[in-house]
Structure formats: C-alpha cells, structure tokens
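J.: In order, the protein sequences belong to chains S and C. Heads up: the first sequence begins at 40 in the numbering used here, then just goes up one per residue. Heads up: the second sequence begins at 40 in the numbering used here, then just goes up one per residue. Note that beta-carbon positions come from the ideal geometry of N, C-alpha and C, so glycine has one too.
2 protein chains.
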Amino acid sequence: MSAIASLDVRPLSRLMKALGDETRLRMVALLSHGELCVCHLEKALGLTQSNTSRQLTVLKAAGVVEPRREGSWVFYRLAPQLDELTKSQLRALVNAFGKREVLRRDVERLLRAKGPASCK
Amino acid sequence: MSAIASLDVRPLSRLMKALGDETRLRMVALLSHGELCVCHLEKALGLTQSNTSRQLTVLKAAGVVEPRREGSWVFYRLAPQLDELTKSQLRALVNAFGKREVLRRDVERLLRAKGPASCK
DNA sequence: TGGGGACATGACGATATCCACATGTCCTGA
DNA sequence: TCAGGACATGTGGATATCGTCATGTCCCCA
Numbered sequence: 040m041s042a043i044a045s046l047d048v049r050p051l052s053r054l055m056k057a058l059g060d061e062t063r064l065r066m067v068a069l070l071s072h073g074e075l076c077v078c079h080l081e082k083a084l085g086l087t088q089s090n091t092s093r094q095l096t097v098l099k100a101a102g103v104v105e106p107r108r109e110g111s112w113v114f115y116r117l118a119p120q121l122d123e124l125t126k127s128q129l130r131a132l133v134n135a136f137g138k139r140e141v142l143r144r145d146v147e148r149l150l151r152a153k154g155p156a157s158c159k
Numbered sequence: 040m041s042a043i044a045s046l047d048v049r050p051l052s053r054l055m056k057a058l059g060d061e062t063r064l065r066m067v068a069l070l071s072h073g074e075l076c077v078c079h080l081e082k083a084l085g086l087t088q089s090n091t092s093r094q095l096t097v098l099k100a101a102g103v104v105e106p107r108r109e110g111s112w113v114f115y116r117l118a119p120q121l122d123e124l125t126k127s128q129l130r131a132l133v134n135a136f137g138k139r140e141v142l143r144r145d146v147e148r149l150l151r152a153k154g155p156a157s158c159k
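(1) Does the distance from the CB of S:T62 to the CB of S:Q94 come in under 8 Å?
(2) Take C:E74 and list the residues in its own chain whose beta-carbon comes closer than 6 Å to its own, dropping the five residues that flank it on each side.
(3) With a threshold of 8 Å on Cβ separation, who are the neighbours of S:L86 within its own chain once the five nearest residues in sequence on each side are excluded?
(4) Where C:A131 and S:N134 are concerned, what is the direct C-alpha to C-alpha distance, given to the nearest angstrom?
(5) Quick check on DSSP: helix, strand or coil for S:V113?
(6) Who does S:C76 pair with in a DSSP beta bridge?
(7) Could you tell me which of C:L46, C:V146, C:V97 and C:I43 sits nearest to C:L54, measuring between CA atoms?
(8) Taking only three categories from DSSP, how would you classify C:L142?
(9) Alpha carbon to alpha carbon, how far is S:R151 from S:D47? Give it in angstroms, no decimals.
(10) With a Cβ-Cβ cutoff of 8 Å, do C:I43 and S:D145 count as a contact?
(11) Looking only at its chain, what residues have a beta carbon closer than 6 Å to the beta carbon of S:D122, apart from the 5 residues adjacent to it on each side?
(12) My guess is that S:A57 and S:A101 are in contact by the Cβ rule of under 8 Å, so how many angstroms apart are they, rounded?
Structure representation (structure tokens):
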C-alpha cells in the first residue's frame with residue numbers, strides 16, 4: 040500500500056516545531072558551540088529571564104536540549120537524538136552553525152565571564 | 040559585540056515553522072521524490088481537498104514548494120532555496136527522505152496513475 | 001455554452017502559542 | 001536562619017494556527 044503511511048515523522052515534526060522560532064533557533068545556534076547556563080543565554084540574546092526560561096522549557100520538552108544543574112545555576116546543552124530523522128537534521132543544523140566562527144567566539148567569551156563574575 | 044545578533048535566522052525559522060507539522064512534513068517527504076499534483080497528495084495522505092490545499096499554501100508561503108500549472112491541475116515541487124541555512128537544512132531533509140526506497144515507489148505509482156486515469 | 005472536475009479561499013469555532021508580570025522554589029553564603 | 005541570586009511556573013490577554021463547510025474561480029470537454 041502506501042509507504043508514506045508507515046513513515047513516522049512525529050519526532051521530526053516535534054523538532055521542527057520547536058525550532059520554528061527565531062529565539063529558540065538562536066539559542067540552538069549558541070548551544071551548537073557548547074553548553075551555556077540560562078543567564079548566559081539571557082544576556083546574549085537580550086531576553087527577559089522569564090522568557091529565556093520558557094523557551095528553554097519548550098526546547099527541553101521537544102528533546103532538543105537537556106539541563107544539567109551545577110550548584111545555583113543550570114546549564115543547557117544539545118541533547119542526543121534517538122530518532123534517525125531528527126538526528127540527521129539536528130546534526131546538519133549544528134554543522135551549519137558550527138561553521139560560524141564568530142558564534143564560537145561569542146560562546147567562549149560568555150564562558151570566560153562565568154568564573155569569577157558568575158552571571159551577574 | 041555579540042555575533043548572534045548578526046546571525047539572521049529568520050529564513051530558517053520560517054522554514055522550520057512550516058515543517059513543524061506532521062502533514063506538511065509528509066508532503067515534503069513525498070515531494071522529495073518528485074513533483075505531484077494536489078489530488079495525488081490528497082489521496083496519498085488521506086486528507087480533504089480543502090485541507091490539502093491549505094497546507095500547500097502554507098508550504099508555498101514559506102518558500103518550501105512552488106506550483107506549476109498544467110491544464111486543469113497544479114503540480115507542486117520543492118522550491119530552490121536562496122538562503123544558505125535553509126538550503127543546507129532542506130537538502131539534509133531531502134537526503135534523509137530520499138533514502139526511503141518505499142517512498143520513491145509510492146511516488147512512482149502515483150505518477151503512473153496520472154496519465155489515463157488522471158487523479159480520479 | 002453549459003456542466004463538471006481540480007483547486008483556492010472566505011468564514012468561523014476550537015485550540016495553541018507567545019510574552020509579560022508576578023510569585024514560587026531551590027541553592028548558597030553570610 | 002535569613003537574604004538574595006538563579007530559575008521555574010501560574011495567570012491572563014493578545015495573537016496565530018488548525019480543520020471544516022461552503023462557496024468561488026479556472027480550465028477542459030461534450
């Protein structure tokens with residue numbers, strides 16, 4: 040019969056839906072270069088604390104990122120994908136963002152500021 | 040300052056938004072193997088005529104597909120991407136779908152039925 | 001030229017998304 | 001134990017999306 044019927048695009052559509060937003064896409068662009076905590080993303084993207092947390096919640100619910108608690112703050116990083124389609128898509132995206140040298144420098148600068156100054 | 044500020048993800052987020060839906064993703068999966076007319080997609084995906092047209096309108100507005108009129112009916116195919124990010128993402132997607140041999144057979148069967156029987 | 005097929009679109013109710021404001025939770029250091 | 005910083009979440013209103021039904025447009029053919 041129809042093979043399209045057996046093609047499960049649910050995981051992929053979930054991923055796409057989560058990435059169908061400028062802010063969340065920029066978050067992923069930054070996270071392509073390393074893990075960052077909420078306040079880093081907040082500052083880098085010029086968002087309110089509330090909004091930053093919300094968007095991360097959406098990305099987490101879609102399985103795009105995963106949190107890691109470290110003392111008082113929470114670091115987010117890209118989560119490994121189980122589904123083959125989402126895996127290849129996210130890899131392609133990270134690869135595209137990974138080529139942006141300027142982004143890498145942004146992330147490094149953010150992480151350097153982490154130590155003594157924390158997230159202030 | 041921040042390089043993320045200069046990274047324009049608007050075209051990509053538009054693409055992702057359009058693909059953040061199971062039905063539209065399945066349409067793209069089929070169109071990865073060749074152009075199809077509305078009634079083909081309608082039958083293959085088990086959608087109403089109205090809904091099929093709507094979803095294609097969304098994909099068209101996002102620049103994912105483009106229509107080609109041929110007499111009484113309209114064929115849709117994947118549209119070439121101008122933006123680098125959307126180009127690489129869509130290429131990765133088509134590549135992933137392109138590996139699904141069963142899908143290719145589906146499309147061929149649909150196109151074979153086209154000639155005499157039209158879309159009936 | 002009139003009818004029917006293929007597709008698009010207006011209207012609309014149901015549902016989901018988005019963002020800000022305020023408040024709540026958890027951890028840390030004094 | 002208390003204050004404050006880092007995050008999360010309840011609430012609510014504006015806005016957008018989704019799918020259906022009905023209708024409109026365009027094209028082909030008898």
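T.: In short:
(1) yes
(2) F114 and R116
(3) T62, L80 and Q94
(4) 11 Å
(5) strand
(6) S:F114
(7) C:V97
(8) helix
(9) 42 Å
(10) yes
(11) P50
(12) 3 Å
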